[in-house]
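Numbering-wise, the sequence shown is residues 6 to 183 according to the numbering used here.
All C-beta atoms, glycine included, are put in the ideal place defined by N, C-alpha and C.
Only one structure is covered here, and it is reproduced in the block below.
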Amino acid sequence: MQAEWTLAAGLVLTPGAPLGLLTDAVQTLAGVLVPSVTVFLLLLCNDKNVLGPWVNGRWLNVFTCAVIGVLVILSIILTASVMLPDATDEEAILAILGGGDALTLVGTLAAFALRGKGEAVKVEPEVRACWRMPPLHKLPPARLSRASRLWMSVLRFYLVFAGGLVLYRIVMLALTTQ
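What follows is the structure, given as structure tokens:
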């Protein structure tokens, strides 16, 4: 950890270092990565082997999927504004945001409607109070459905594409500011 701090301190203290560019780059990459981290948290929060009686309920999953959809839309807008800073105006951003949010809401509700009703399992408070996750070496491998695998592939493509665009833009800006 100390090596990273030393490197960061050296970079900040270097005369002529493009600190504004570095700050913007880190923030943009964070904006691209947040939706994927949230997807992995959602998968973890639905894993009965890990969380047992504390797994997410149906409506919390609907809400979380809607939040992930909004994060993806905002990430797309962020990536577009970094790649094309002059081409994004307020009306275009609001149209993308409104259309993407409506599409996210419809898609989330449709996915859960098609999924069908799961069994509502009532868990006694005593079970929740004393439940512990088994050791990691005893957990079975995660099993993803075809739909989950498909969305993970879409997410992987999005991360590679958006991250690549942002890194390309950062390199181009770094080369033009020197």
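Original post:
Does the stretch 69-81 come close enough to the stretch 34-41 to have 3 or more Cβ pairs within less than 8 Å?
Top reply: yes
Original post:
To which residues of the same chain is L49 closer than 8 Å at the C-beta, ignoring the five residues directly before and after it?
Top reply: If you ignore the 5 residues before and after L49, its C-beta comes within less than 8 Å of the C-beta of V55 and L56, all in its own chain and listed in chain order.
Original post:
What whole-angstrom Cβ distance do T113 and V176 have, given they're in contact under 8 Å?
Top reply: With a Cβ gap of about 36 Å, T113 and V176 do not count as contacting.
**OP:** Would you mind sorting T11 into buried or exposed? The rule is 16 or more other CB atoms within 10 Å of its CB.
**Re:** In the assembly as shown, T11 is an exposed residue. Its beta-carbon has fewer than 16 other beta-carbons within 10 Å.
Original post:
L172 to L79, Cα distance in whole Å?
Top reply: Roughly 18 Å separates the two Cα atoms.
Original post:
Whose CA, out of L83, F45, D91 and V165, lies closest to the CA of T69?
Top reply: When each option's Cα is compared against that of T69, the closest is F45.
**OP:** Report the three-state DSSP secondary structure of S150 (helix, strand or coil).
**Re:** coil
Subject >> Inter-residue spacing [alpha-carbon to alpha-carbon] between P139 and L155 >> reply: 29 Å
**OP:** Report back the beta-carbon spacing between V128 and P58 to the nearest angstrom; my notes put them in contact at under 8 Å.
**Re:** 4 Å
Subject >> Nearest-angstrom Cα separation, counted from P90 out to L170 >> reply: Cα to Cα, the separation comes out at about 13 Å.
**OP:** Locate the alpha helix (DSSP H) running through A22, then write down its first and last residues.
**Re:** First-last for A22: undefined, no H or E at that position.
Subject >> Terminal residues of the alpha helix (DSSP H) in which W10 lies >> reply: Q7 to L18
**OP:** Verify whether the separation of the beta carbon atoms of I98 and I81 is less than 8 Å.
**Re:** no
Original post:
In this structure, does DSSP put R137 in helix, strand or coil?
Top reply: coil
**OP:** May I ask which residues mark the beginning and end of the alpha helix (DSSP H) holding N54?
**Re:** K53 to L56
**OP:** Would you decide whether T28 is buried or exposed? Buried here means 16 or more other CB atoms lie within 10 Å of its CB.
**Re:** exposed
Subject >> For A8 and L16, believed in contact at Cβ under 8 Å, the rounded distance >> reply: Between A8 and L16 the Cβ distance is about 13 Å, and since that is not below 8 Å, they are no contact.
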